[in-house]
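According to my numbering, the sequence shown holds residues 10 to 150 in order. All residues carry an ideal CB built from backbone N, CA and C; glycine is no exception. Remarks on the structure that follows.
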Amino acid sequence: MTQVKRKKSSCYCINLRQAAKVISNLYDDALKSVGISVTQYSLLSSLGHMENCNVSDLAKYVGLERTTLVRTLKPLTAKGLVVDVSEPGERDRRLRLTNQGKTVIRKAKELWSESQREIERRIGKEDAAKLEEILLRLLEQ
């Protein structure tokens, strides 16, 4: 099979999406050994910071649509990493990490840190810091 090179583009959107895919794949590959994706890591980590939070608040915190969040949480619940602690009749589900979920997060944090260092290795610490600054500035608008 012929190897096709990625087309160079002057479009910020295309370049950002392609770079995001490369970076997501890097993190996903690193986190495979603990059985989660980078998106799931983000949710578990956020849930760890917001113990016993409701689905709506978690969705706002991580910047996902509620339906997307619920869909992403299903496999985490099935694996026993997240549990619903809602009271009977409560409209918005309340969630928390299980002990198993906390263990996975502890293991995943080091893998995540290794991925962070790999990004810095690939583009340099200075450019990684600039990239973070630019991305955060874009998110503030």
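For Leu106, there is no enclosing alpha helix (DSSP H); the enclosing beta strand (DSSP E) has its first and last residue at Arg103 to Leu106. For Asn24, the secondary structure class from DSSP, reduced to helix, strand or coil, is helix. Ala87 counts as exposed, since fewer than 16 other beta carbons sit within 10 angstroms of its beta carbon. Just measuring C-alpha positions, the residue of Glu141, Val113 and Glu149 sitting nearest Gln125 is Glu141. For Asn63, the pairing in a beta bridge is given by DSSP as Arg103. Counting other Cβ atoms within 10 Å of its Cβ, Tyr36 reaches 16 or more and is therefore classed as buried. The residues Leu52, Ser55, Leu56, Met59, Leu78 and Leu104, in chain order, have a CB closer than 8 Å to that of Leu67 in the same chain once the five nearest residues on each side in sequence are set aside. A residue is called buried once 16 or more other Cβ atoms fall within 10 Å of its Cβ, and Gln49 is buried on that count.
For a cut-off of 8 Å, the C-beta gap from Val113 to Ile45 is around 6 Å, short enough to register as a contact.
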